[in-house]
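Asker: Structure in structure tokens, see below.
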Amino acid sequence: MTPSGVPDAPHTLITGGAGFIGSHLAERLLGQGERVVVIDDFSTGSRENLASVADDPNLTVIETTVTGCESLDSIVADSGYVFHLAAVVGVDLVVQSPIRTIETNL
Numbered sequence: 001m002t003p004s005g006v007p008d009a010p011h012t013l014i015t016g017g018a019g020f021i022g023s024h025l026a027e028r029l030l031g032q033g034e035r036v037v038v039i040d041d042f043s044t045g046s047r048e049n050l051a052s053v054a055d056d057p058n059l060t061v062i063e064t065t066v067t068g069c070e071s072l073d074s075i076v077a078d079s080g081y082v083f084h085l086a087a088v089v090g091v092d093l094v095v096q097s098p099i100r101t102i103e104t105n106l
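Laid out in structure tokens, this is it:
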């Protein structure tokens with residue numbers, strides 16, 4: 001385990017892992033015995049979406065934005081796979097925060 005709490009063995013990173021698609025992907029990978037790291041700020045995702053796997057020892061959840069994750073470089077470097085599903089969604093959010101939208105969605 002690294003100081004940030006991320007497994008030091010290869011893992012799969014899912015940004016936006018508390019969203020509908022990300023949480024189902026996390027469930028599937030964990031069911032196959034994979035280590036999974038989820039980065040989500042829960043702005044549109046939900047803890048309830050991860051409730052069925054919340055106690056899985058192979059799951060690490062980091063509550064932060066993709067752009068605000070200080071250890072993102074090392075998490076990505078140690079990942080076998082990265083699924084970038086984090087996104088600013090919804091017309092209101094996009095209009096209110098265009099810079100955040102570009103930074104997160106790219």
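Taking UniProt numbering, the leading residue of the sequence shown gets 1, the next gets one more, and so forth.
Just so you know, even glycine gets a beta-carbon here, dropped at the ideal spot from N, CA and C.
(1) In its own chain, which residues sit with a C-beta less than 6 Å from the C-beta of residue 121, not counting the 5 before and 5 after it?
(2) What are the uninterrupted segments assigned as alpha helix (DSSP H) that are 4 or more residues long and contained completely in the UniProt domain "NAD(P)-binding" (13-105), given in chain order?
(3) Just to confirm my understanding: we take residue 80, look at its own chain, exclude 5 residues before and 5 after, and list those with CB closer than 8 Å. What are they?
(4) Could you check the C-alpha separation between residue 16 and residue 48 for me, to the nearest Å?
(5) Exposed or buried, which one is residue 73 when buried takes at least 16 other CB atoms within 10 Å?
Answerer: In brief:
(1) It is not possible to answer for residue 121, since the shown part of the chain is limited to 1 through 106.
(2) Listed in chain order, they are 20-31, 72-77, 91-96, 98-105.
(3) As a first step, residue 80 must be located in the sequence shown, where it is residue number 80. Cβ-Cβ distances below 8 Å link residue 80 to 10, 11, 12 in the same chain, with the five nearest sequence neighbours on each side left out; the list follows chain order.
(4) Counting from 1 along the sequence shown, the entry for residue 16 is found at position 16. Counting from 1 along the sequence shown, the entry for residue 48 is found at position 48. The straight-line gap from Cα to Cα measures roughly 14 Å.
(5) Walking along the sequence shown from the start, residue 73 turns up at place 73. With fewer than 16 other Cβ atoms within 10 Å, it is exposed.
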